[in-house]
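Taking this note's numbering as reference, the numbering of the sequence shown is continuous, increasing by one, and the terminal residue is 110. Structure first, then comments.
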Amino acid sequence: MSQILGSRLPIFSSNEKKKLKDSLDFIEINHYTSLYAKDCMFSACDLGSFWASGYVLALLDTRIAL
């Protein structure tokens, strides 16, 4: 993952890692819309797009050519 996303991944200090370890006690998921994903590792994509990250192109509308 770090090879693909590089500097876009967050960097945590040792103290922050200790605070996060075993700290999950609640998860809530709200769903407002869907995104459609296209594999850009083996398909042509505009990786300069805001919606392209990690060799995946995310689209809000299926009418946009995948």
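By construction, the Cβ of each residue, glycine as well, lies at the ideal position given by its N, Cα and C atoms. The model shown is predicted, which means the values in this text are computed figures rather than measured ones.
Which of helix, strand or coil does DSSP assign to Leu-103? Taking the sequence shown and counting its residues from 1, the one referred to as residue 103 is at position 59. Leu-103: strand per DSSP, three-state reduction.
Here's the rule: buried if 16 or more other CB atoms are within 10 angstroms of the residue's CB, otherwise exposed. What is Leu-101? Against the sequence shown, residue 101 aligns to sequence position 57. Label assigned to Leu-101: buried.
Just how far apart, CA to CA, sit Ser-78 and Leu-103? As a first step, residue 78 is located in the sequence shown; it is residue number 34 there, counting from the start. As a first step, residue 103 is located in the sequence shown; it is residue number 59 there, counting from the start. The straight-line gap from Cα to Cα measures roughly 9 Å.
For the beta strand (DSSP E) containing Lys-65, name the first residue and the last one. Locating residue 65 in the sequence shown gives position 21, counting from the first residue. Careful: Lys-65 lies outside any beta strand (DSSP E) and carries neither H nor E.
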